[in-house]
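Written below as structure tokens is the structure these notes are about.
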Amino acid sequence: MALLTAALPSSADPVQSAPAKPSLAASAAASPDVARRTGEWLTIHGFPEVPNGDLVQIDPTAQQWQDQIAVDLRVSRSSMRMNHRKLSYRSYQGMAVFDCVRRKGWYLSLQYYQEPLWRGPVTARLDFREHEAPVTFTGVPGNPADKLVRAACRNR
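Here you go:
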């Protein structure tokens, strides 16, 4: 995973604080299909000021990785979940890669938390092979995985 480490910014902090709250007017005016930018994170789904809701965010600074786009992302779920390896979590952050031609994405690495909004200690760190862990959001309405692909591939 040396390539993965090289793709991560050297200043990446494993635990990042929650972003600043957007104004109420901006949140109310935003269409559900339009991503909202909050601090240095782009909100794809949900509202950062609602800790008990589902939230999907990406760092808008995408990086070229092989012939795909790599993005840092973070997800906070409305309740405890289990990943495909039967690991329980409430939120996670890490790196995903998107194939803009095929409109698919998969995780390369994730850090899991038992608390919402990436709080508390990291309870697990997992690295994945290409195509091993597809980017999906089971139980989240509005197809945020598709919105995430569009946001990651917006400049391609």
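The numbering of the sequence shown is UniProt numbering, which starts it at 1 and goes up by one. Backbone N, C-alpha and C fix where the C-beta goes; we use that ideal spot for every residue, glycine too.
To the nearest angstrom, report how far apart residue i and residue j are at their CA atoms.
i    : j    : result
P134 : G105 : 6 Å
W65  : I44  : 21 Å
A145 : C100 : 13 Å
Q68  : V97  : 6 Å
Q63  : R103 : 16 Å
P141 : R81  : 16 Å
T61  : V71  : 7 Å
L110 : W118 : 12 Å
W41  : G94  : 13 Å
P121 : V149 : 29 Å
H131 : Y107 : 8 Å
Y92  : C153 : 22 Å
G139 : G46  : 13 Å
A25  : N83  : Because A25 carries a pLDDT of 28, less than 50, the predicted location of this residue cannot be relied on, and the following value inherits that uncertainty. One C-alpha to the other measures close to 35 Å.
Taking residue i as part of the beta strand (DSSP E), name the residues at either end of that continuous run.
i    : result
K104 : K104 to Y113
V71  : Q68 to M82
V97  : S88 to D99
W118 : Run containing W118: none; DSSP gives neither H nor E here.
Over what stretch of residues does the alpha helix (DSSP H) that includes residue i continue unbroken?
i    : result
F146 : Correcting the residue type first, residue 146 is Asp in the shown sequence and not Phe. Looking at the DSSP string, the run of the alpha helix (DSSP H) that includes D146 is P144 to A152.
Buried or exposed: which applies to residue i, given that a residue is buried once 16 or more other Cβ atoms fall within 10 Å of its Cβ?
i    : result
R129 : exposed
W74  : The residue asked about is misnamed: residue 74 is Arg in this sequence, not Trp. Buried, since its Cβ has 16 or more Cβ neighbours within 10 Å.
R125 : exposed
S76  : buried
P48  : buried
message = So, does the segment 112 to 122 touch the segment 88 to 96, judging by three or more C-beta pairs under 8 Å?
response = yes
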